[in-house]
Amino acid sequence: MADNDNNNATIIVMSGDMDKVFAAFIIATGAAAAGMDTTMFFTFWGVKAIQKGNLTGKGLFGRMMGLMNRGGINVIGPSRFNFGGIGRWMFKKMMGDKGVASLEELRQMAIDLDVHLLGCGMSMDVMEISREDLIDEVEDIVGVGTMLNLAANSKVQLFI
Amino acid sequence: MDIQVDKVQDSIGQMCPMPIAFMAKNMRTMETGQVLEIRADDEGAHSDIPAWCEQTGNEFLAEEDCGDYCKYYVKKTV
Numbered sequence: 000m001a002d003n004d005n006n007n008a009t010i011i012v013m014s015g016d017m018d019k020v021f022a023a024f025i026i027a028t029g030a031a032a033a034g035m036d037t038t039m040f041f042t043f044w045g046v047k048a049i050q051k052g053n054l055t056g057k058g059l060f061g062r063m064m065g066l067m068n069r070g071g072i073n074v075i076g077p078s079r080f081n082f083g084g085i086g087r088w089m090f091k092k093m094m095g096d097k098g099v100a101s102l103e104e105l106r107q108m109a110i111d112l113d114v115h116l117l118g119c120g121m122s123m124d125v126m127e128i129s130r131e132d133l134i135d136e137v138e139d140i141v142g143v144g145t146m147l148n149l150a151a152n153s154k155v156q157l158f159i
Numbered sequence: 000m001d002i003q004v005d006k007v008q009d010s011i012g013q014m015c016p017m018p019i020a021f022m023a024k025n026m027r028t029m030e031t032g033q034v035l036e037i038r039a040d041d042e043g044a045h046s047d048i049p050a051w052c053e054q055t056g057n058e059f060l061a062e063e064d065c066g067d068y069c070k071y072y073v074k075k076t077v
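Protein chains in written order, with numbering that gives the first Met the number 0: chain A, 0 to 159; chain B, 0 to 77.
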């Protein structure tokens, strides 16, 4: 049964773009700071935000995918104005100059505030990303059932 | 301001959501009844800190404008 008297937040992170992952981690740290039991579920492109950054994949396509998608949270580019990496550099510089925390710092803060990080099993299977390719803080690899159960028991449900 | 402060958090130069995130971290280490002073120059903190108090049930005591930054006083009540 859904618990209507909860104080939980569930954030589904589908995007792997810098700006959207930023939004996800800012909301997650804010929610956790406010005492909400917060879970982030990373699926498809979002999985990159919890990857260590090593090359992944087993078969030809998986390895090609891994090569195209290599690097961890620090190398993801913005959804607009990336211009082959120049945009990423520019955004990082502008944010750094203004004292905005980096994605890695934000992710660490989320971990420190006990945000639960979950990986999507199906996406990882398709893209040939294994548990060992994810950062150690990821709590579990789950599916849509778990995600929906969490979302149904949350006051805040976001899909980014 | 005549408020007995138990801990000071320097969030000057930090931007959203770090002042709130560090506040939550600091509050975990404090006892009920203790007061945290947060120094911040992020504009959002002005409304974020009282909002955080409302959501968590802690008491927002006061804010003080110090020119380049503001001091916010929060009492741990839960």
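Ideal Cβ positions, reconstructed from N, Cα and C, are used throughout, including at glycine. No experiment lies behind these values; they were computed from the predicted model shown.
**residue 60 of chain A classed as buried or exposed, judged by whether at least 16 other C-beta atoms fall within 10 angstroms** = Residue 60 of chain A sits at position 61 when you count from the first residue of the first sequence. So residue 60 of chain A ends up on the exposed side.
**Prompt:** Name the chain B residues that come within less than 9 Å of residue 52 of chain A, Cβ to Cβ?
**Reply:** Here residue 52 of chain A corresponds to residue number 53 of the first sequence, with the count starting at 1. In chain order: nothing, as chain B lies at least about 24 Å away.
**Prompt:** Along the chain, which unbroken stretches of the beta strand (DSSP E) at least 3 residues long are found entirely within the segment 12 to 74 of chain A?
**Reply:** 36 to 41
**Sub-8 Å separation of residue 7 of chain A and residue 152 of chain A beta-carbons** = Against the first sequence, residue 7 of chain A aligns to sequence position 8. Against the first sequence, residue 152 of chain A aligns to sequence position 153. Yes, the pair counts as a contact, with Cβ atoms nearer than the cut-off.
**Request:** Using the Cα positions of residue 15 of chain B and residue 57 of chain B, report the straight-line distance between them to the nearest angstrom.
**Result:** In the second sequence, counting from the first residue as 1, residue 15 of chain B sits at position 16. In the second sequence, counting from the first residue as 1, residue 57 of chain B sits at position 58. Taking the straight line joining both Cα atoms gives about 20 Å.
**Message:** Do residue 44 of chain A and residue 86 of chain A have their beta-carbon atoms positioned less than 8 Å apart in this structure?
**Reply:** Start at 1 with the first residue of the first sequence, and residue 86 of chain A comes out as number 87. Start at 1 with the first residue of the first sequence, and residue 44 of chain A comes out as number 45. Their beta carbons are not under 8 Å apart, which means residue 86 of chain A does not touch residue 44 of chain A by this criterion.
**Request:** Find the nearest neighbour of residue 50 of chain A within the set A:73, A:28, A:98, A:146, judged by alpha-carbon distance.
**Result:** Walking along the first sequence from the start, residue 50 of chain A turns up at place 51. Nearest of A:73, A:28, A:98, A:146 to residue 50 of chain A, Cα basis: A:73.
**Prompt:** Out of curiosity, what's the CA-to-CA distance linking residue 25 of chain B and residue 83 of chain A?
**Reply:** Numbered from 1 along the second sequence, position 26 holds the residue referred to as residue 25 of chain B. Numbered from 1 along the first sequence, position 84 holds the residue referred to as residue 83 of chain A. Distance between the alpha carbons of residue 25 of chain B and residue 83 of chain A: 40 Å.
**Prompt:** Where DSSP assigns a beta bridge to residue 45 of chain B, which residues make up the other side?
**Reply:** Taking the first residue of the second sequence as position 1, residue 45 of chain B is located at position 46. DSSP lists no partner for residue 45 of chain B.
**Request:** Just list the alpha helix (DSSP H) runs in the segment 73 to 126 of chain A, keeping only unbroken ones of 4 residues or longer that don't cross its boundaries, in chain order.
**Result:** 85 to 96, 102 to 111, 120 to 125
**Message:** Does residue 64 of chain B come out as helix, strand or coil in the three-state DSSP assignment?
**Reply:** Counting from one through the second sequence, the residue named residue 64 of chain B turns up at place 65. Reduced to three states, the DSSP call for residue 64 of chain B is strand.
**Message:** Which residue marks the beginning of the alpha helix (DSSP H) containing residue 77 of chain B, and which one marks its end?
**Reply:** Locating residue 77 of chain B in the second sequence gives position 78, counting from the first residue. Per DSSP, residue 77 of chain B belongs to no alpha helix (DSSP H) and is neither H nor E.
**Request:** Express the C-alpha separation of residue 27 of chain B and residue 18 of chain B in angstroms, rounding to a whole number.
**Result:** Sequence index remark: in the second sequence, residue 18 of chain B carries index 19 (1-based). Sequence index remark: in the second sequence, residue 27 of chain B carries index 28 (1-based). Distance between the alpha carbons of residue 18 of chain B and residue 27 of chain B is about 14 Å.
**Request:** Tell me whether the beta-carbon of residue 117 of chain A lies closer than 8 Å to the beta-carbon of residue 39 of chain A.
**Result:** In the first sequence, counting from the first residue as 1, residue 117 of chain A sits at position 118. In the first sequence, counting from the first residue as 1, residue 39 of chain A sits at position 40. Yes, Cβ-Cβ distance for residue 117 of chain A and residue 39 of chain A is below 8 Å.
**Request:** Answer with yes or no whether the minimum CB distance from residue 20 of chain B to chain A is below 8 Å.
**Result:** Here residue 20 of chain B refers to the residue found at position 21 of the second sequence. Chain A contact via Cβ: present.
**Request:** Report back the beta-carbon spacing between residue 123 of chain A and residue 46 of chain A to the nearest angstrom; my notes put them in contact at under 8 Å.
**Result:** Residue 123 of chain A sits at position 124 when you count from the first residue of the first sequence. Residue 46 of chain A sits at position 47 when you count from the first residue of the first sequence. So it is a contact: roughly 6 Å between Cβ atoms.
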